[in-house]
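Respectively, the protein sequence lines represent chains V and L. Taking my numbering, the leading residue of the first sequence gets 154, the next gets one more, and so forth. Taking my numbering, the leading residue of the second sequence gets 8, the next gets one more, and so forth. For each residue, glycine too, the CB sits at the ideal point set by N, CA and C. Note that this is a predicted model, so its numbers are computed, not measured. Report on one structure; see the data block that follows.
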Amino acid sequence: MIERRDFLKGCLACGVTAATVSVASGKAMAAGSFEGYPDAMGVLVDLTRCVGCRSCEVACNNEQKLPEPDEAFDDMSVFKDKRRTTEKAYTVVNKYQVATEETLFRKIQCNHCTEPACLSSCFVNAYTKTKEGAVIYDASVCVGCRNCMIACPFNIPAYSYSSPINPLVKKCIFCYDTRVKDGKPPACVEICPQQVMTFGRRADLIKLGHDRIQANPAKYVDKLYGEKAVGGTSWMYLSSVDFDKVGMDGHIQNEPIISNVKDFLGFVPMVLTIWPALFTGVHLLATRNKGGHHDHEEGDHQ
Amino acid sequence: MKQFLTRNPGTQIIDSLRKDNDKGRPWTLMEKIFLGLNPQQYLSQAMSNPLNWIFAAILLVGVPFIIARFIFGLSWAVGDPYDNAWGLFLGFGLFGMVPLSSSGFQLGSAVEVFGRHDFEPIERLGILNGILGYFFAVIFLMCDLGQPWRLIYPMFVSWGPEAVLFLVAWHVATYLSVQAAETSTAFFEWMGWPAGKTFVKKMALGLAVSGIILSTLHQGALGALSTYAPGKIHPLWYSSSFQWLYFFVSSLPGGLCMVIVVSTIAVKTMGWRCDGTFKNSLSKLQIALAKGASMGLVTYLVIRLIGVAHDNKWAYLGTGWGAWWMFEIGFGVILSLLLLTAGIRNNSVTLVRMGAWTTIIGVVLNRLNVYMFTFNWQKGHVHIPPFREIMIAVTVYTIYIITYRAILYRWPILFKWKTRYSEYAVLEPTPVAIAEAEAAGSK
């Protein structure tokens, strides 16, 4: 009798746990192959056009009201190093010596993935992929675990580590609040004197990119970077050299990052449903001839 | 304390609710906290222990460091690691300590689910090792989070249920309460609240089974977290199919070996606190634990090799990282296996204890390799945490050891709480009271 009651209690305890956590897997499994919002916007970046004037960095700094940079925007010595995005700069331009006589510049910012790794790794749902294509961030719920920085395949999110009270993730949000929401191009695109960047519907940009490659196959490598990378990105790139030579991972996976995690997430509901019965069953089998599990009480009341 | 007891052999060590002399008067809470000594005696025995001076020195430097981290912000302690966002606090404190704390669910289920009551003398140590490891993993997490006061957000404010970390957060929180309930039996005995103990004992099976479920999933989830960063972790330490298995399976020997190590330290440094049952059964139990650990280790070794074969990563073994991988496996897994199995075969508890040490070092090294050392290996530099970060980690770990020792000194973990005169003082009078009543009656 006691055994049976304990058995039921065991099941109940496990059932509650299962109910609590099985929510965890549902949403992830549903994320099968999201093709992106139909009218999502994007930007096509033509690396061959960039001259490294850094005016996009200035425009971003003004638009997002970022602090003064450590080195002035007209200081071209910054090209000595390969920089990355920081809490003070949501976009940076780097210089790459791609051949003895040839250099290319590349602008780095959030690529606004179709299935963002930052979003799928965030346990408080601080990130949102808007229908306009921007990946935006809700600072009011961020706990500061920085899993998004671990997950981002492009190493984009930065963190204001120096703030003791309100440290936050700092990254490009596609000028969502001030521009893209209203259909206007982001500040960096608008200011560019070389028309390096083209703002438009992502679907149209894919076509435009391939048209440019086809029109000038000698100039471009036959790849539109971002069309497929990690499930597709809103920002896509054309280059005259292999993307590995301009600091991009040319062998990046085509599946979204969440697909790597699905093996494990798929296993979760199985454990939650099978383990309680399995182990309580094992208990009944293992202790059958020993008179149940209550014999350890004997020792206590000698 | 050991020295104090040799100098004062008459001291009564508290192992029940009532004193032996003084008419069986119950110990007061202050007496229980001071181990039955007066405060002066307690202080003098504490000061005569050189280890306490080392601890004091660490805390003197480290505690201001911890305070400064919260006043001046994370960058004061860890710098601005944009690329290696997770450092020592998580790499060691969370990912390293949680697998070494899997002992709670393993010993809990061995006794409660599988009916192996011969493990009872060490069950409570296993569970205590579990809860303390998890609790301090959360402390490490609090040091690392940008806004630790928002730690409850994934539970109550904003849900991100598709994230692996969401599962980890819920499971660790739930499992901490499960372990708190399991540990509470010792606390209830010590406080003299038998009703609480009886209540928890009724849930023992349910708690043990929840422990298995939660542990399978969150130990695995800690590995699955790294599958978000496929290109960043070195391929030898990464496998999208097996990563959660690597972490789960290695946590099993990790937890068991931690219990072997801790029980060895306990019996050597606080023998006065261990009762006869614990001391006499320890060698046998440690060898039994080693059997479990070696089965876990051999499984782990096979999975790690299958992982390399599955993605055909053999070529990496010829590189520098390959040599480091072979060291991790050679020292942490193969050497451990040899020591443990030789110890089991020759009934040598010394070999088993050495094997337990190499196992836990191997498990922690693996976690550091995944989340710190090989992270961003393609960038060609290894992330070494700054001094302040190391100092804070050492300090938190020191507080962990102090807490661990304080509980082992007091609660009935290493010894059985004696119920000589019964805990039910109201229902059953003490022998002295009975004698007095008889004397009064005969008048």
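Starting from L:V268, follow its DSSP beta bridges and name the residues at the other end.
Numbered from its first residue, the second sequence carries residue 268 of chain L at position 261. Its beta-bridge partners do not exist; DSSP assigns none.
Under the assumption that L:A297 contacts L:I351 (Cβ atoms under 8 Å), give the Cβ distance between them as a whole number of angstroms.
Here the question's residue 297 of chain L lines up with position 290 in the second sequence. Here the question's residue 351 of chain L lines up with position 344 in the second sequence. The pair is a contact, with the Cβ atoms about 6 Å apart (cut-off 8 Å).
What are the start and end residues of the beta strand (DSSP E) that includes V:F352?
Taking the first residue of the first sequence as 1, we reach residue 352 of chain V at position 199. V:F352 -> beta strand (DSSP E) spans 350 to 354.
Can you check whether the CB of V:L272 is closer than 9 Å to the CB of V:K241?
Numbered from its first residue, the first sequence carries residue 241 of chain V at position 88. Numbered from its first residue, the first sequence carries residue 272 of chain V at position 119. No.
Are the C-beta of L:V401 and some C-beta of chain V separated by less than 9 Å?
Sequence index remark: in the second sequence, residue 401 of chain L carries index 394 (1-based). It does not; no Cβ of chain V falls within 9 Å.
Chain L partners of V:G189, CB-CB under 7 Å?
Against the first sequence, residue 189 of chain V aligns to sequence position 36. Correct list: empty, because the minimum Cβ distance to chain L is about 17 Å.
Listed from N- to C-terminal order along the chain, which residues in the stretch 139 to 161 of chain L have their beta-carbon within a distance smaller than 7 Å of any beta-carbon of chain V?
L152, G153, Q154, R157, L158, Y160, P161
Which residues does DSSP list as the beta-bridge partners of V:C266?
Taking the first residue of the first sequence as 1, we reach residue 266 of chain V at position 113. For V:C266, which the question treats as bridged, DSSP gives the partners V:T386.
Where V:P320 meets chain L, residues with beta-carbon distance less than 9 Å
As a working mapping, residue 320 of chain V is identified with position 167 in the first sequence. Under the 9 Å cutoff, chain L gives G80, L81, S82, G153, Q154.
Quick check on L:A446: buried or exposed, where buried means 16 or more other Cβ atoms within 10 Å of its Cβ?
Taking the second sequence and counting its residues from 1, the one referred to as residue 446 of chain L is at position 439. When all chains shown are included, L:A446 counts as exposed.
Anything in the stretch 251 to 282 of chain V with a Cβ closer than 8 Å to a Cβ of chain L? List those residues in chain order, please.
A270, S273, S274, C275, F276, V277, N278, A279
V:V322 and V:A270 closer than 9 Å at C-beta
Walking along the first sequence from the start, residue 322 of chain V turns up at place 169. Walking along the first sequence from the start, residue 270 of chain V turns up at place 117. Not in contact: V:V322 and V:A270 (Cβ atoms no closer than 9 Å).
Check whether the Cβ atoms of L:L372 and L:L358 sit closer than 9 Å, and answer yes or no.
For the purposes of this step, residue 372 of chain L is identified with residue 365 of the second sequence, where counting begins at 1. For the purposes of this step, residue 358 of chain L is identified with residue 351 of the second sequence, where counting begins at 1. No.
Would you kindly report the start and end of the unbroken beta strand (DSSP E) that includes L:G238?
Stepping through the second sequence from its first residue, residue 238 of chain L is reached at position 231. L:G238 -> no beta strand (DSSP E), and no H or E assigned at all.
Does the beta-carbon of V:E254 have 16 or more other beta-carbons within 10 angstroms, so that it is buried, or is it exposed?
For the purposes of this step, residue 254 of chain V is identified with residue 101 of the first sequence, where counting begins at 1. So V:E254 counts as exposed.
Which value, in whole angstroms, describes the spacing of the CA atoms of L:Y66 and L:M398?
The sequence position of residue 66 of chain L within the second sequence is 59, counting from 1. The sequence position of residue 398 of chain L within the second sequence is 391, counting from 1. This sequence places Leu at residue 66 of chain L; Tyr is not what is there. If I take the Cα positions, the gap works out to 10 Å.
Taking L:E127 as the reference, which of L:P168, L:K286, L:T18 has the closest Cα?
Here residue 127 of chain L refers to the residue found at position 120 when the second sequence is read from its first residue. For L:E127, the nearest C-alpha among the options comes from L:K286.
Are at least three pairs of beta-carbons, each pair with one atom in the stretch 379 to 388 of chain V and one in the stretch 211 to 225 of chain V, less than 8 Å apart?
No: fewer than three Cβ pairs fall under 8 Å.
Would you verify that the beta carbon of L:F380 is, or is not, closer than 9 Å to some beta carbon of chain V?
Taking the first residue of the second sequence as 1, we reach residue 380 of chain L at position 373. Closer than 9 Å: no.
State buried or exposed for V:Q250, treating a residue as buried only when at least 16 other CB atoms are found within 10 Å of its CB.
The residue labelled residue 250 of chain V in the question sits at position 97 within the first sequence. So V:Q250 counts as exposed.
Which whole-angstrom value describes the C-beta separation of V:A311 and V:K324, a residue pair presumed to lie in contact below a C-beta threshold of 8 Å?
By one-based count along the first sequence, residue 311 of chain V stands at place 158. By one-based count along the first sequence, residue 324 of chain V stands at place 171. That pair is a contact at about 7 Å.
Given this structure, state the Cα-to-Cα distance separating V:V169 from L:I409, to the nearest angstrom.
Translated into positions along the first sequence, residue 169 of chain V becomes position 16. Translated into positions along the second sequence, residue 409 of chain L becomes position 402. A caution first: V:V169 carries a pLDDT of 47, below 50, which makes its placement in the model unreliable, though a value can still be read off. The alpha-carbon atoms of V:V169 and L:I409 are separated by roughly 35 Å.
So, does the stretch 216 to 233 of chain L touch the stretch 306 to 325 of chain L, judging by three or more C-beta pairs under 8 Å?
Taking a contact to require three or more Cβ pairs closer than 8 Å, the stretch 216 to 233 of chain L and the stretch 306 to 325 of chain L do not qualify as touching.
Does any residue of chain L bring its CB to less than 9 Å from the CB of V:H436?
Your numbering for residue 436 of chain V matches position 283 in the first sequence. Chain L contact via Cβ: present.
Using a C-beta to C-beta distance shorter than 7 Å, which residues of chain V count as neighbours of L:A231?
Within the second sequence, the letter at position 224 stands for residue 231 of chain L. Simply V414, F417.
L:V164 classed as buried or exposed, judged by whether at least 16 other C-beta atoms fall within 10 angstroms:
Within the second sequence, numbered from 1, the residue matching residue 164 of chain L stands at position 157. With fewer than 16 Cβ atoms within 10 Å of its Cβ, L:V164 is classed as exposed.
Rounded to the nearest angstrom, what separates L:G94 and L:M379 at their Cα positions?
Locating residue 94 of chain L in the second sequence gives position 87, where the first residue counts as 1. Locating residue 379 of chain L in the second sequence gives position 372, where the first residue counts as 1. Distance between the alpha carbons of L:G94 and L:M379: 6 Å.
With a threshold of 16 other CB atoms inside 10 Å of the CB of L:V269, please say whether the residue is buried or exposed.
Stepping through the second sequence from its first residue, residue 269 of chain L is reached at position 262. With 16 or more Cβ atoms within 10 Å of its Cβ, L:V269 is classed as buried.
Does any residue of chain L bring its CB to less than 9 Å from the CB of V:V342?
Position 189 of the first sequence, counted from the start, is the residue given in the question as residue 342 of chain V. No - not a single Cβ of chain L is within 9 Å of the one on V:V342.
Is it right to say V:D199 is buried, meaning 16 or more other beta carbons lie within 10 angstroms of its own, or is it exposed?
In the first sequence, counting from the first residue as 1, residue 199 of chain V sits at position 46. So V:D199 counts as buried.
What residue ranges within the stretch 240 to 290 of chain V form continuous beta strand (DSSP E) runs of no fewer than 3 residues, ordered along the chain?
245 to 250, 256 to 261, 280 to 282, 288 to 290
Three-state class that DSSP yields for L:L24 in the structure shown:
On the second sequence, position 17 is the one that residue 24 of chain L refers to. Looking at L:L24 - three-state DSSP - the assignment turns out to be coil, as it is neither helix nor strand.
Anything in the stretch 395 to 407 of chain V with a Cβ closer than 9 Å to a Cβ of chain L? List those residues in chain order, please.
For the stretch 395 to 407 of chain V, the set of residues with a beta-carbon nearer than 9 Å to any beta-carbon of chain L comprises D402, H404, I405, Q406, in chain order.
Spell out whether any CB of chain L is found under 9 Å from the CB atom of V:G457.
Given a span of 154 to 455 for chain V in the structure shown, any question on residue 457 of chain V remains unanswerable.
Anticipated Cβ contact below 8 Å, V:N407 with V:A371, distance rounded
Taking the first residue of the first sequence as 1, we reach residue 407 of chain V at position 254. Taking the first residue of the first sequence as 1, we reach residue 371 of chain V at position 218. Their Cβ separation, rounded to whole angstroms, is 26 Å, which puts V:N407 and V:A371 out of contact at 8 Å.
Cβ-Cβ separation, L:L232 to L:L139 (assumed contact under 8 Å), whole Å:
Sequence index remark: in the second sequence, residue 139 of chain L carries index 132 (1-based). Sequence index remark: in the second sequence, residue 232 of chain L carries index 225 (1-based). That pair is no contact at about 23 Å.
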